[in-house]
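Q: Residue numbers (my numbering): 512 to 666. Yeah, the Cβ is synthetic: ideal placement off N, Cα and C, and Gly gets one too. Quick caveat: nothing in here was measured; it's all calculated off a predicted structure.
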């Protein structure tokens, strides 16, 4: 379990208790109040076709510049979603992330990770993302079907 401190509680706005990352439902739960921080259905997928990192929930961000806008085109470019901003996330390894509220899952761009100094290894069982600077695995997860998920313990 990962504990994240100094994030205001959604219920009481207190900074004096932590939220705990659950391993079964991808949500940060307010330990004191038991409130959901992230939608329980949000998945984080490593996507070799994504040109940028994209997250649907504002709560994942430390800051967002709402002046960044536009649309992202998904799949065969027939499906377009609005961009509500660009920001940095609570995950140190993920900067310059698009905020796309209509996404049903968070997408990590393999090419953006490479540009930012991370190596992504995909195999038949899963994915690992390693810092070229430290050699440390910063994100890891299983392959489910044809999708590579980030393990909830890393988020």
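Under 9 Å between the Cβ atoms of residue 596 and residue 578?
A: Mapped onto the chain shown, residue 596 falls at position 85. Mapped onto the chain shown, residue 578 falls at position 67. Yes, Cβ-Cβ distance for residue 596 and residue 578 is below 9 Å.
Q: Which whole-angstrom value is the C-beta distance of residue 600 and residue 573, which I expect to be below 8 Å?
A: Position 89 of the chain shown holds residue 600. Position 62 of the chain shown holds residue 573. Indeed, because the Cβ distance is near 7 Å, the residues count as touching under 8 Å.
Q: Could you pull the DSSP bridge partners for residue 584 from this structure?
A: As a working mapping, residue 584 is identified with position 73 in the chain shown. According to DSSP, which records beta bridges pairwise, residue 584 is partnered with 591.
Q: Return the Cβ separation of residue 619 and residue 557 in integer angstroms, given the expectation that the two are a contact with Cβ distance under 8 Å.
A: Mapped onto the chain shown, residue 619 falls at position 108. Mapped onto the chain shown, residue 557 falls at position 46. The Cβ separation is near 5 Å, so the contact holds.
Q: Using the three-state DSSP reduction, which class does residue 626 fall into: helix, strand or coil?
A: Within the chain shown, the letter at position 115 stands for residue 626. Helix.
Q: Look up residue 645 in the DSSP assignment and give the residues it is bridged to.
A: Within the chain shown, the letter at position 134 stands for residue 645. Beta-bridge pairing links residue 645 to no other residue.
Q: Based on Cα-Cα distance, which residue from 624, 649, 629 and 631 lies nearest to residue 564?
A: Mapped onto the chain shown, residue 564 falls at position 53. Nearest option by C-alpha distance: 624.
Q: Tell me which residue opens and which closes the beta strand (DSSP E) that residue 620 is part of.
A: For the purposes of this step, residue 620 is identified with residue 109 of the chain shown, where counting begins at 1. First-last of the beta strand (DSSP E) with residue 620: 617-620.
Q: Shortest alpha-carbon distance to residue 642 belongs to which of 580, 605 and 567?
A: By one-based count along the chain shown, residue 642 stands at place 131. Nearest C-alpha to residue 642: 605.
Q: For a test of the three-state rule: what should DSSP assign to residue 569, helix, strand or coil?
A: Counting from one through the chain shown, the residue named residue 569 turns up at place 58. Correct three-state label for residue 569: helix.
Q: Pull up the CB-CB distance for residue 617 and residue 555, whole angstroms please, since I reckon it's below 8 Å.
A: Residue mapping note: residue 617 aligns to position 106 of the chain shown, counting from 1. Residue mapping note: residue 555 aligns to position 44 of the chain shown, counting from 1. With a Cβ gap of about 4 Å, residue 617 and residue 555 count as contacting.
Q: Tell me residue 631's beta-bridge partners as DSSP assigns them.
A: Numbered from 1 along the chain shown, position 120 holds the residue referred to as residue 631. Note: residue 631 sits in a beta bridge opposite 640.
Q: Of the residues 588, 594, 659 and 649, which one's Cα is nearest the Cα of residue 630?
A: The residue given as residue 630 occupies position 119 in the chain shown. Ranking the options by Cα distance to residue 630, first place goes to 649.
Q: Between residue 611 and the rest of its own chain, which residues show a CB-CB distance below 8 Å, the 5 nearest in sequence each way excluded?
A: Counting from one through the chain shown, the residue named residue 611 turns up at place 100. These residues qualify, in order along the chain: 565, 566, 567, 583, 592, 593, 594 and 595.
Q: Taking residue 654 and residue 638 to be in contact with their CB atoms under 8 Å, please state how far apart those CB atoms are, rounded to whole angstroms.
A: Stepping through the chain shown from its first residue, residue 654 is reached at position 143. Stepping through the chain shown from its first residue, residue 638 is reached at position 127. That pair is a contact at about 7 Å.
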